[in-house]
Amino acid sequence: MTNRATATIHGWLLLLPAMACLALFTHWPAVASFVDSFMSTPRARRPARFVWLDNYEQMLADPIFWKAMANNLWFAMGTIPTSIALALLMAVWVNDRIAGRTLVRMAYFTPTILPMIAVANIWLFFFTPQYGLLEQIVGAFGGRSTNWLGSQDTALYAVTIVAIWKEAGFFMIFYLAALQAIPPSLGEAAAIEGASRWTYFRRIQFPLLMPTTLFVLINAVINAFRMVDHIFVMTRGGPDNATTLLLFYIYQVGFGFWDTAYAAALTCVLLALLALVAFVQYGWLERRTHYR
Amino acid sequence: MSAAPRPQPMAATRPDPYAPKGLSLTLESLGAILLALIWVLPLAYAVWAAIHPAEYTTRFELTAPLTLDNFTRAWAAAPFARYFLNTFILVTMILAFQLVLGTLAAYALARQDFWGRDIAFALILAQLMIMPDALIVENYRTLARVNLIDTIPAIALPYIASAFGIFLLRQTFKTVPKELDDAARVEGASPLQVLMRVYVPLAKPTYIAYGLVSVSYHWNNFLWPLLVTNSVESRPLTVGLQVFSSSDQGIDWAVICAATLMTSAPLLVGFLLFQRQFVQSFMRAGIK
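Top line first, the protein sequences correspond to chains A and B. To convert, note that position 31 of the first sequence is 31 in UniProt numbering; the numbers rise steadily by one, no gaps. To convert, note that position 140 of the second sequence is 140 in UniProt numbering; the numbers rise steadily by one, no gaps.
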């Protein structure tokens, strides 16, 4: 046997356990979702049959699907820019010699390691009408009583705020690492040229942080489609689907109504969105990002 | 982490001309501390509610009596001891498999040159985008077919091959000098011996970083465990807490806050004790 053939056998033997698991729980279910999205949901005495685009037609006519898509879009637009901007601000602050720097950094990072399902309980109480903490603060300033999670106008904002609170500190540490990697000589040179601090940030620090911003951005986009744990505790998608996000709707359809074929079609939409993110990341953003 | 702590680059020996001084430093500190206070407010509030009697849950008086009653009531109201055990078994099982599978795969990808390697790498990286959460419907059907629903292995299986872990270890193995590898082979070591004696010890910081990230992630994971478990014997803490706090025993916020703190406590205490390792691990895991 040739050397190359031996190496190939060795290589694939080493890969085999991991590849088998990935094939079973990532590749196969992705393909199966696609196939099942063209089938009907199997019922007791009626096996699944090929229905071509029926599930997708049902989706286009489904107001809750469009509501979930719109909610997810607003959720993404609320969480992504705000959490990234806050993360950058936190990192710039913690990078300076401010008072109590270690404690401040710890405070920002703590939400990252807490279970979302647990902190959602605390936030639920925070938003509770009448005797919740927020209500008391608003009341102390003479504001009107609001049912934050029970009103269609405010519920989505409330769950968006919780998501921002959870992920900003996580993104901060990447900015912090990147800020610390900027050579001090750049700051010295800029100071000799008489650049203001804002100019130094805008023209030197911020462009050098672009690879980090890209990395954080991709993570924030994926999180916007993945973070649903707090929905289970705080609103269960309500009131009247005002906080139903795409993944939560997949859960409801797949495990509440047991309509697996329609859930498969919804899964395909989610996978297509994630593929689009990957495509934008590798095909377009990577080429336009300034690398050190 | 390695024996000698890495020097903190921010302790710059040269003065930073843009470091704020005087009034601007004071203002910046105030802003940072204010934001930090807002950030810890939910947690601080949970602590307040948990250690005071229920009538002080929404009344903030410094003289309020302290009590551990809420913790004992929460502990007695649900089988939290079993949930802790389940979560412990779960995160240990996942991490052990992830490390073994990841090490073998990463070694093949980093140091073996063979037919199909690049295709295999691309197939593995696909999992970075298609996270297991998106595939709950099909994965549930797969596990139902083999009768594994409502077992701890069912929670673990979709996660034991981690593209993220394989990628992280591959990058680390690639930085190991080839000379060390060659020298070990000249001594007559088999490929697996080289892996165990040369690569694994040198990648220790990566293993620790990945281990912390993986344990925190799976300790906190909720959606998938919720779907595949329906009994006390298999439920992890997060699902147990949700069942406990949504059951109709009347909303007693003090007890719920105590239960919430209990479930988060091991990670929280670990984080407070090893703050630097946690932050550096998450950082190392993110920056490849």
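Note that beta-carbon positions come from the ideal geometry of N, C-alpha and C, so glycine has one too.
Please report whether the beta-carbon of residue i lies at a distance below 7 Å from any beta-carbon of chain A.
i, result
"tryptophan 224 (chain B)", "no"
"glutamine 98 (chain B)", "no"
"valine 243 (chain B)", "no"
"phenylalanine 71 (chain B)", "no"
"aspartate 182 (chain B)", "no"
"methionine 129 (chain B)", "yes"
"phenylalanine 274 (chain B)", "no"
"valine 232 (chain B)", "no"
"glutamate 55 (chain B)", "no"
"glutamate 187 (chain B)", "no"
"proline 158 (chain B)", "yes"
"phenylalanine 282 (chain B)", "yes"
"tyrosine 199 (chain B)", "no"
Once the 5 residues before and after residue i are set aside, which same chain residues still bring their CB inside 8 Å of it?
i, result
"glutamine 242 (chain B)", "Phe222, Leu226"
"glutamine 252 (chain A)", "Gly237, Thr244"
Helix, strand or coil: how does DSSP classify residue i here?
i, result
"methionine 131 (chain B)", "coil"
"methionine 283 (chain B)", "helix"
"lysine 21 (chain B)", "coil"
"threonine 235 (chain A)", "coil"
"alanine 181 (chain A)", "coil"
"leucine 217 (chain A)", "helix"
"serine 83 (chain A)", "helix"
"proline 211 (chain A)", "helix"
"methionine 227 (chain A)", "coil"
"phenylalanine 114 (chain B)", "coil"
"phenylalanine 25 (chain A)", "helix"
"phenylalanine 60 (chain B)", "coil"
"serine 190 (chain B)", "coil"
"valine 94 (chain A)", "helix"
"leucine 273 (chain B)", "helix"
"tyrosine 131 (chain A)", "coil"
"histidine 218 (chain B)", "helix"
"valine 146 (chain B)", "coil"
"arginine 105 (chain A)", "helix"
"arginine 144 (chain A)", "coil"
"glycine 78 (chain A)", "helix"
"valine 51 (chain A)", "coil"
"residue 309 (chain A)", "Chain A is shown only over 1 to 292; residue 309 (chain A) falls outside these bounds and no answer can be derived."
Once the 5 residues before and after residue i are set aside, which same chain residues still bring their CB inside 6 Å of it?
i, result
"methionine 90 (chain A)", "Tyr108, Met172"
"methionine 93 (chain B)", "Ala156"
"threonine 238 (chain B)", "Phe222"
"glycine 165 (chain B)", "Gln98, Gly102, Tyr210"
"threonine 2 (chain A)", "none"
"leucine 195 (chain B)", "Tyr107"
Residue i bridges to which residues according to DSSP?
i, result
"phenylalanine 46 (chain A)", "It is arginine, not phenylalanine, that sits at residue 46 (chain A) in the sequence shown. Answer by DSSP bridge pairing, in chain order: A:Arg43."
Can you find the residues in the same chain that come closer than 7 Å, C-beta to C-beta, to residue i, ignoring five residues on each side of it along the sequence?
i, result
"leucine 41 (chain B)", "none"
"asparagine 121 (chain A)", "Val233"
Could you check whether the Cβ of residue i sits closer than 7 Å to any Cβ belonging to chain B?
i, result
"glycine 150 (chain A)", "no"
"threonine 267 (chain A)", "yes"
"arginine 226 (chain A)", "yes"
"phenylalanine 255 (chain A)", "yes"
"threonine 146 (chain A)", "no"
"asparagine 55 (chain A)", "no"
"arginine 236 (chain A)", "no"
"tyrosine 200 (chain A)", "yes"
"isoleucine 117 (chain A)", "yes"
"aspartate 153 (chain A)", "no"
"tryptophan 66 (chain A)", "no"
"aspartate 229 (chain A)", "yes"
"glycine 187 (chain A)", "yes"
Problem - Positions along the region 104-125 of chain B whose CB lies within less than 8 Å of some CB in chain A - result: When C-beta distances to chain A are compared with 8 Å, the residues of the region 104-125 of chain B below that value are Leu104, Ala105, Tyr107, Ala108, Leu109, Gln112, Asp113, Phe114, Trp115, Gly116, Arg117, Ala120, Leu123, Ile124, in chain order.
Exercise for the section: Determine which residues of the region 97-113 of chain A have a Cβ less than 9 Å from any Cβ of chain B, and write them out in chain order. Expected result: For the region 97-113 of chain A, which is checked against every Cβ of chain B, the residues closer than 9 Å are Arg97, Ile98, Ala99, Gly100, Arg101, Thr102, Leu103, Val104, Arg105, Met106, Ala107, Tyr108, Phe109, Thr110, Pro111, Thr112, Ile113.
Practice task
Note down, in chain order, all residues in the region 42-54 of chain A with a beta-carbon under 7 Å from any beta-carbon belonging to chain B.
Solution key: Taking 7 Å as the cut-off between beta carbons, none of the residues of the region 42-54 of chain A comes near chain B.
Exercise for the section: Closer than 9 Å, Cβ to Cβ, to anything on chain B: give me those residues from the region 7-18 of chain A, in chain order. Expected result: For the region 7-18 of chain A, the residues whose beta carbon sits under 9 Å from a beta carbon of chain B are, in order, Ala7, Thr8, Ile9, His10, Gly11, Trp12, Leu13, Leu14, Leu15, Leu16, Pro17, Ala18.
Practice task
Closer than 7 Å, Cβ to Cβ, to anything on chain B: give me those residues from the region 72-83 of chain A, in chain order.
Solution key: The residues in question: there are none.
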